[in-house]
Structures are given as structure tokens and as C-alpha cells.
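Remarks on the structure that follows.
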Amino acid sequence: MGCTQSSGGKAKIYTEQDEDSDLIAEFQPHFDQLADGAKGVPIGSLCALYDAVTENGQPLSEREKAAAASKLDPANRGYFSLSAFVRWFQIPSQAYEEPAPAAPEVHENVRRGIKDEGEAEGTAQYDAEMAAKARAEAEAELRSMAAAREAAGEG
985 MGCTQSSGGK AKIYTEQDED SDLIAEFQPH FDQLADGAKG VPIGSLCALY
1035 DAVTENGQPL SEREKAAAAS KLDPANRGYF SLSAFVRWFQ IPSQAYEEPA
1085 PAAPEVHENV RRGIKDEGEA EGTAQYDAEM AAKARAEAEA ELRSMAAARE
1135 AAGEG
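This note's numbering runs 984 ahead of the 1-based position in the sequence shown.
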């Protein structure tokens, strides 16, 4: 509902009825082209009517078609009226009608923090500690081998 001030000083209130009649007048030629007499437009022609009135090139998805069909033709007659189409056209899709988006798939290596090359990110200090530990173990093993040779050479 809207309100405007006219030049005569009186406010004119626009109701949903006024808005509907504007859309009905605008959509009527497109509707009449697809209508099957007084029955209305076949539900199968919904996409053609939607494309004609929107002119945006964005077709309805299968989910949107199914939701629209249930709203436009609840009695499952196979046809819908122009007034039903206008009411449906004005109401944006409701959040509860849309399924929740799927959770993004996270690769196991990404989840564990490992790069594609197999190297962990953000572990420079840990890597340095592990390298120092490995060097110390290697040096200890070399000393023990050298000690074993000396003992074998003396004996």
C-alpha cells in the first residue's frame, strides 16, 4: 500500500487492488496469447508466461516451477487464472520454501591443514624442532656406531 500527495492537497492511497489492476492490465495480452479460453493458461505454459512478463532471460528452475504450480493450481485442474498468476508473481519466494544450501565439501587434507604437496601450513617452528631432534638422534647413532667400532678394534 502506498500514499502520494496530489496537487489538490488530498492524499491518494494506492491499495493492493490498484497495484493488481496495473499488473493485470500489463500481463493481460501475454496471458491471452497462452490462455485456453475461459479455462485459463495451462500449467505447462507457466514458464512461457513468466518469460514473457519478466523479459529478464532467467528461466524458472525445476524447484520454482513445482512451487509455482502448487500455488497457482492447488486444485490440480491443470490451468491457472491471471489473478492467481499476479498474486504469485508479487510474492517473492519464501525462505522456508527453499532448501538449505548444501554444506561445502572440504577435502580431508584441507580439513587437517595439509597442503596439496603434503606439507603442513603454519608449522615452521614444529618442523624446525623435529629437524633438530632428528639431527640429534642421527648424531647419537653415529657416536654409538663409532664407539662400537673402537670397542671392536680394541678387542
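We put the CB at the ideal spot given by N, CA and C, even for glycine.
Item	Value
C-beta atoms of D1020 and Y1063 nearer than 8 Å	yes
A1050, buried or exposed, once every other Cβ within 10 Å from all chains shown has been counted against 16	exposed
Option in E1010, A1136, A1132 and A1135 with minimal Cα separation from L1066	E1010
Spatial distance of K1055 from W1072 (CA atoms)	7 Å
Chain-order list of residues whose beta-carbon lies under 8 Å from that of V1037 (same chain, five-residue window excluded)	E1010, F1011, H1014 and F1073
Distance, V1070 Cα to D1057 Cα	13 Å
Per-residue DSSP class, three states only, for V1090	coil
Buried or exposed by the 16-neighbour rule on C-beta atoms within 10 Å, applied to Y1034	buried
Secondary structure of P1026, DSSP reduced to three states	strand
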